[in-house]
Amino acid sequence: MAHVQAGTVKRGPLSKVVDRLGSGAVQVLMILIGLFWLVPTLGLLVVSMRDETANNAEGWWTIFTKPAELTLSNYASLLATGFSASFWNTVLITVPTTILVIGIAAMAAYAFAWMDFKGRDPLFLVVVGLLIVPIQIALIPIATLYGQAGIFGTIPGVVLFHVAFGLPFAIFLLRNFFVGIPASLLEAARMDGASEWKIFSTVVFPLGKPAIASLGIFQFLWVWNDLLIALVFADAANQPMTKALQSQMRQFGTNVDIIAPGAFLSLIIPLVLFFAFQRYFVQGMMAGSVK
1 MAHVQAGTVK
11 RGPLSKVVDR
21 LGSGAVQVLM
31 ILIGLFWLVP
41 TLGLLVVSMR
51 DETANNAEGW
61 WTIFTKPAEL
71 TLSNYASLLA
81 TGFSASFWNT
91 VLITVPTTIL
101 VIGIAAMAAY
111 AFAWMDFKGR
121 DPLFLVVVGL
131 LIVPIQIALI
141 PIATLYGQAG
151 IFGTIPGVVL
161 FHVAFGLPFA
171 IFLLRNFFVG
181 IPASLLEAAR
191 MDGASEWKIF
201 STVVFPLGKP
211 AIASLGIFQF
221 LWVWNDLLIA
231 LVFADAANQP
241 MTKALQSQMR
251 QFGTNVDIIA
261 PGAFLSLIIP
271 LVLFFAFQRY
281 FVQGMMAGSV
291 K
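Going left to right, the sequence shown walks through residues 1 to 291 as full-length UniProt numbering numbers them.
Structure follows, in structure tokens:
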């Protein structure tokens with residue numbers, strides 16, 4: 001009779017699914033699904049590089065027989081409308097928001113997970129409760145507050161709004177990940193005389209990179225693609241790409257020569273970011289599945 005060796009790791013059901021996904025046939029299927037998922041992106045790229053007459057006359061797939069129709073004139077026209085300023089406004093909104101949400105949420109999550117202080121559990125329940133607060137009900141009160149503070153219509157105002165509404169989910173996500181870190185690691189660090197900040201920065205934060213990377217991708221995509229907050233809190237001088245594209249919409253959206261290249265530029269940055277950090281994203285999604 002076979003006996004289970006001491007120290008054998010018990011594998012969860014999700015880990016078995018991951019093993020099956022490693023088979024050759026499944027990998028080929030996943031590649032085909034991925035290529036199919038990229039078809040709309042390819043179509044958008046082709047449409048953005050054809051003139052309006054060609055787009056109205058034929059489908060984008062005819063480019064394979066008429067490659068001479070490709071041109072960069074649409075992008076030149078787009079940049080002439082001042083779209084580049086909107087691109088940098090989007091960067092100035094998205095990057096600081098993502099960094100602030102990750103930094104503040106990681107420290108708060110560590111405190112909720114491993115620091116004992118009065119009112120910790122009730123305060124965490126308040127944070128969780130904030131997850132169900134709709135953004136829409138805060139638009140008018142915060143707009144009034146911004147007007148009194150003199151930051152309505154500015155980039156810092158948009159950043160502050162995104163940070164405030166991004167923190168509850170970020171804290172909840174990271175706290176649930178941090179509590180899974182073995183307590184023996186933290187106890188060993190404390191026995192060596194490490195401070196709470198030292199433990200957080202050298203032990204907890206590095207171990208939490210998968211979850212932090214996943215959070216960073218989610219937060220970046222959420223802010224990068226946001227339109228509602230931009231419409232309310234960003235004026236014409238500080239508008240991000242989503243608002244700039246919305247302002248270019250004519251009746252029935254006939255100005256494809258402007259909308260298509262703008263939409264592709266707004267799409268390619270998140271797409272590149274996702275593929276660059278997909279390894280951490282998958283690790284974050286699979287965290288805790290192997291026990």
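Think of the CB as a built atom: it goes at the ideal place given N, C-alpha and C, for glycine as much as any other residue. All of these numbers come straight from a predicted model, not from anything done at the bench.
Cβ-based neighbour list, residue i, same chain, cut-off 7 Å, excluding 5 preceding and 5 following
| i | result |
| --- | --- |
| residue 295 | The requested residue 295 does not occur in the structure, where the chain is confined to residues 1 to 291. |
| T94 | F220, V223, W224 |
| N89 | I155, N238, Q239, P240 |
| F252 | Low local confidence applies: a pLDDT of 44 at F252 is under 50, so the model's placement there is unreliable, with the coordinate-based value given in what follows. Hits under 7 Å: none found. |
| A234 | G153, V158, P240, K243 |
| F277 | A213, I217 |
| L45 | F264 |
| N55 | V47, V256 |
Per DSSP, the bridge partner or partners of residue i
| i | result |
| --- | --- |
| G34 | None; G34 has no bridge partner. |
| A234 | G153 |
For residue j and residue i, the rounded distance between their alpha carbons
| i | j | result |
| --- | --- | --- |
| I102 | F264 | 27 Å |
| F274 | L267 | 11 Å |
| G43 | G150 | 43 Å |
| V128 | S195 | 28 Å |
| P134 | I142 | 13 Å |
| Q248 | I199 | 50 Å |
| F117 | L123 | 10 Å |
| L72 | L130 | 46 Å |
| E187 | W37 | 46 Å |
| L79 | M115 | 51 Å |
Proximity below 8 Å, CB of residue i to CB of residue j
| i | j | result |
| --- | --- | --- |
| A230 | I171 | no |
| A260 | S86 | no |
| L185 | V203 | yes |
| F177 | Y110 | no |
| A106 | F205 | yes |
| S77 | D226 | no |
| A211 | L174 | yes |
| M49 | L70 | yes |
Other residues of its chain near residue i: CB distance less than 6 Å, five sequence neighbours each side excluded
| i | result |
| --- | --- |
| H162 | T97, V223 |
| L100 | V163 |
| L271 | none |
Contact test: residue i Cβ vs the ligand GTP heavy atom, cutoff 7 Å
| i | result |
| --- | --- |
| L228 | Absence of the ligand GTP from the depicted structure is noted, as is the absence of any ligand whatsoever, leaving it without description. |
Practice problem: Jot down the residue ranges of each uninterrupted alpha helix (DSSP H) in the region 29-105, minimum 4 residues, whole runs only, in chain order. | Solution: Unbroken alpha helix (DSSP H) stretches of 4 residues or longer found wholly inside the region 29-105: 39-48, 52-57, 73-80, given in chain order.
Quiz item: Taking the runs of the beta strand (DSSP E) that are 3 residues or longer, which of them lie wholly in the region 109-176?
Solution: Qualifying beta strand (DSSP E) stretches: none in this window.
Quiz item: Which parts of the region 168-228 are runs of the alpha helix (DSSP H), unbroken and 4 residues or longer, counting only runs that do not cross its ends?
Solution: Taking only runs of at least 4 residues, the alpha helix (DSSP H) segments lying wholly in the region 168-228 are 183-191, 196-199, 209-224.
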